[in-house]
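No gaps in the numbering here: position 203 of the sequence shown is 203 in our numbering, and each next residue is one more.
We put the beta carbon where it would ideally sit given N, CA and C, even for glycine.
To keep things clear, I will list the structure first and then write my remarks on it.
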Amino acid sequence: MNVDGVGFFAAPDAGGANVPTARFEKILAAVGSGSYLVNKNYDVTLVGPDVEREAGRMNGRKCCDYFHERKEPCPWCKRGIVFGGGSVGWEWFSPKSGKTFGMYDSPVINHEGAVFKLGVFSDVTKKKQIDDILKMSRIKSGVISPAMWFADANLLVQSVLELNSGAAKSKGIELKNEVPPHTRLYCDMRFSGEVFSNLVSNGIKFSSTGGTVRVGLKDGEPSTFFVVDSGVGIHTERIPKLFQFDEPKSTRGTTGESGTGFGLPLCNELMKSMGGSVSITSSRGEGTTVFLMFPRVRPKALVVDDSKSERFNMAAILREIGVEVIEASDGEEALRLMHSESPHLVLLDILMPGMDGLEVLRDKQKNSAIRSIPTIVVTGNNDPGFAERAFQLGATDWLNKPFEPDVVCARVRKVVS
1 MNVDGVGFFA
11 APDAGGANVP
21 TARFEKILAA
31 VGSGSYLVNK
41 NYDVTLVGPD
51 VEREAGRMNG
61 RKCCDYFHER
71 KEPCPWCKRG
81 IVFGGGSVGW
91 EWFSPKSGKT
101 FGMYDSPVIN
111 HEGAVFKLGV
121 FSDVTKKKQI
131 DDILKMSRIK
141 SGVISPAMWF
151 ADANLLVQSV
161 LELNSGAAKS
171 KGIELKNEVP
181 PHTRLYCDMR
191 FSGEVFSNLV
201 SNGIKFSSTG
211 GTVRVGLKDG
221 EPSTFFVVDS
231 GVGIHTERIP
241 KLFQFDEPKS
251 TRGTTGESGT
261 GFGLPLCNEL
271 MKSMGGSVSI
281 TSSRGEGTTV
291 FLMFPRVRPK
301 ALVVDDSKSE
311 RFNMAAILRE
321 IGVEVIEASD
331 GEEALRLMHS
341 ESPHLVLLDI
351 LMPGMDGLEV
361 LRDKQKNSAI
371 RSIPTIVVTG
381 NNDPGFAERA
391 FQLGATDWLN
401 KPFEPDVVCA
411 RVRKVVS
C-alpha cells in the first residue's frame, strides 16, 4: 500500500480487531518509514520500508522472530508496558546491516478498540560512535572530571548485570556477580558503571549460547576487579591496539553483533581519569579476562568528642569496618583537622565545652573548602528541635548516645558504603 508517497507493507489480513486500519497507515506515514505495528498476538502487521530493509519481509512472522530470530516471546520484552498504556525505549541491533537502532514503542488503538504497539526506530550507530569520541575528548581535556566517592561494588555490579540481562538471556548466557557484599570501591559511579557495563556487554557479544560472564574481586587485591567471559578470545598481538582510539576496532560478535569500536579506548580513558587502569589477558579460543585496577583509598573519619572514652569506643567500631580514624577533643581542633586531613566523614559530638557541635557546624557551613564533608551528629540530647537545628546547619545524619555498634556501622556505611 502507498500512503502519501510512502510504500508500507502490510501482513496478510488476519481478520477482526487485530488488523490495522487506514488511520494507522496515515499514522505510520506521518511518523516516517522507520516504523511498524505489532498486535497483541505478537504479529507484525504493518512495516515501513526502512524496517523491511533492515529486518526483511514480514511473511506473517511474530515480532520475536522478525527482530530477534527467536521462536518464543523474548523474556526481556516490554510489551506488558505498551499494552498496559505506557511507552518504552530500547535498542535493536540489525544483523543484516550491522547497525544499531534506537527504538521507541507506544500504544495506539484502532476503531474497534484493539490496542497495537506502534514502534519507531532511528539509526543511532554513528551517533553512538560520535558520543564515544566526544566523551573521550572531554575526559582527556578535563571538561568532564570524575566525582570520586565510595560505592558498594556488589550493588553497582548487580545493577550493571540487570541492565545487560536482556541481551544475555537472548543468547542463553549466564551472568554472575561474584563481588562480595559490602565491597567498598572508590570511584565515580557513572564512570565505573559505564566501564563495567561495556565490558559485560563485550563478554556477552563474544560468548556463545551456554557461556558465562563473571564479575568478581581478584584474590588478595581488594581494589582490583575482573570481568571474565567464556567467549572466543583475542589474539595476543591485538591486545595492545585495543586501547587506541585513532580508529574504531569493532569486531563482530558470535551472532553478528557490532559496536562502535571505541568501547575499550573509552573504558581506558575513564579508568585513567579515576586514577585507575585496565589490562587484558586473552588467548584465541580461551575467553578473555579484563582486570580493572581502581585506586585503593581507605575512608577516613574524624571523630570529635571531648570524652576520651567516647572517642575510643567510636574509633574501635569504625576500625572494624575498615575506616581510618583521626580524633579531635574540641571544636576548634576539629575545624583545623577538617582542613589539614580532608576526612571523608565527621562524627561530631554536640555537647562539648567551649565551641560546641552546633558552632562547629555553623563555621563549617561558611567555609566552601570543608562544607561538603558529610557530618553525623552524635549526642545524648533527644530533643527533636535540637536535631532540626543540626540538620539546618548541614548535618547529614543523627546518632543518639549511647550508640549501638550495628547502628553506627549502618549509618557510616550509608556515607562510605
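- For residue 102, the enclosing beta strand (DSSP E) starts and ends at 99-109.
- Taking residue 268 as the centre and dropping the five residues before and after it, the same chain places the C-beta of 243, 278 closer than 7 Å to its C-beta, in chain order.
- Unbroken beta strand (DSSP E) stretches of 3 residues or longer found wholly inside the stretch 37-81: 44-47, given in chain order.
- In its chain, beyond the 5 residues on either side, 42, 70, 71, 72, 73, 74, 77 have a beta carbon closer than 8 Å to the beta carbon of residue 64.
- Inclusion of residue 315 and residue 304 in the CB contact set at 7 Å is not warranted, their separation being larger than that value.
- One thing to note: residue 146 has its Cβ within 7 Å of the Cβ of residue 191.
- Residue 221 sits in coil when the DSSP states are folded into three classes, being neither helix nor strand.
- Counted as a single uninterrupted DSSP element, the beta strand (DSSP E) harbouring residue 304 occupies residues 300-304.
- The beta carbons of residue 82 and residue 117 sit closer together than 7 Å.
- Burial check for residue 188: the Cβ neighbour count within 10 Å reaches 16 or more, so the residue is buried.
- Annotation: residue 148 to residue 413 spans about 16 Å, alpha carbon to alpha carbon.
- Rounded to whole angstroms, residue 85 and residue 107 show a C-alpha spacing of 6 Å.
- Around the beta carbon of residue 54, 16 or more other beta carbons sit within 10 angstroms, so the residue counts as buried.
- In the structure shown, residue 176 adopts extended strand secondary structure according to DSSP, grouped into three states.
- Around the beta-carbon of residue 226, 16 or more other beta-carbon atoms lie within 10 Å, marking it buried.
- With a threshold of 16 other beta carbon atoms within 10 Å, residue 205 meets it and is buried.
- A Cβ-Cβ contact shorter than 7 Å links residue 345 with residue 374.
- Inclusion of residue 154 and residue 201 in the CB contact set at 7 Å is not warranted, their separation being larger than that value.
- Here the alpha carbon of residue 238 sits roughly 25 Å from the alpha carbon of residue 216.
- In the three-state reduction of the DSSP assignment, residue 401 falls in the coil class.
- Counted as a single uninterrupted DSSP element, the alpha helix (DSSP H) harbouring residue 170 occupies residues 165-171.
- Following the DSSP letters along the chain, one finds residue 120 inside the beta strand (DSSP E) bounded by residues 115-123.
- The alpha-carbon separation between residue 234 and residue 36 amounts to approximately 38 Å.
- In the DSSP assignment, no residue is bridged to residue 388.
- Between residue 322 and residue 365, the gap from beta carbon to beta carbon reaches 7 Å or more.
- Looking at the DSSP output, residue 334 sits in no beta bridge, so it has no partner there.
- Less than 7 Å separates the beta-carbon of residue 295 from that of residue 275.
- By the neighbour-count criterion, in which a residue is buried when 16 or more other Cβ atoms sit within 10 angstroms of its Cβ, residue 184 is buried.
- Look at residue 347 here: in three-state DSSP terms it is strand.
- Uninterrupted alpha helix (DSSP H) stretches at least 4 residues long and entirely within the stretch 257-295 occur at 263-273, given in chain order.
- Boundaries around residue 184 are those of the beta strand (DSSP E), 184-187, since no alpha helix (DSSP H) includes it.
- With distances taken between CA atoms, residue 171 lies nearest to 208 out of 38, 328, 138, 208.
- Residue 147 sits in coil when the DSSP states are folded into three classes, being neither helix nor strand.
- The C-beta separation of residue 87 from residue 102 comes to about 13 Å, leaving the pair out of contact by the 8 Å criterion.
- CA-CA distance, residue 175 to residue 161, rounds to 7 Å.
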